Structure formats: C-alpha cells, structure tokens
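Quick notes on the structure that follows.
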Amino acid sequence: MPTGPTADGTRELDVRTIDGEPFGEIMAALDELDGGETLVLVNSFEPEPLYAVLARQGYAHETERAGDEWRVSITKA
1 MPTGPTADGT
11 RELDVRTIDG
21 EPFGEIMAAL
31 DELDGGETLV
41 LVNSFEPEPL
51 YAVLARQGYA
61 HETERAGDEW
71 RVSITKA
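For the sequence shown, the UniProt record's numbering gives the first residue as 1, with consecutive numbering after it.
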C-alpha cells in the first residue's frame, strides 16, 4: 500500500516489499491518485514493461536510478 501524500502531493509505493507480482498494487495506487499528485514507485530493477501500460492509460513517468534502487515518478499526462 502506498504512503499517504506528502505536503508536495507525492505518494510512495515500495514494490520491493510485495510478495509476488506487484502490477495490481501499482494500478490500484494509481487509481487512488488525486489530481496533481505523483506516485513514486520504488523497485530493485527498471520496470520497462510498465512504461507502455502507463502511456496507454494516460500517465507520464520519469525514472531515476540510485545504485541498485530505481525510482519511477508517475503523474497523469
């Protein structure tokens, strides 16, 4: 489950703690976003297959890598 929004409208979902396929949790977290909020997805690898799904559903993303941690910031396009 994602954290609640911070003062800047950011929610975080660390999928490294999810046992099994995290796709359903990611999509549920995106459905909970209010206008102007950002979901930051934290993962141990770059979730490249997710990018096409996000684009089809009207989301934009920015990806950063810090060591072995990937952070994908997702917003409504």
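Just so it is clear, CB atoms sit at the ideal spot from N, CA and C, and this is done for glycine as well. On a predicted model such as this, the values are computed, not experimentally measured, just so you know.
A distance below 8 Å between beta-carbons, with the five flanking residues on each side excluded, links E69 to the following residues of its chain, in chain order: V42, N43 and S44. Counting only runs of 3 or more residues that sit fully inside the UniProt domain "DUF2249" (12-76), the beta strand (DSSP E) segments are 38-43, 59-66 and 69-76, in chain order.
Secondary structure at T6: coil, using DSSP grouped into helix, strand and coil.
With respect to the 8 Å criterion, L13 and E21 are not classified as neighbours on the basis of their beta carbons. The residue from A52, D8, V15 and T17 with its alpha-carbon nearest to that of D34 is D8. The beta carbon of A77 sits closer than 7 Å to the beta carbons of G58, Y59 and A60 from its chain, once the five residues preceding and following it are set aside; these are given in chain order.
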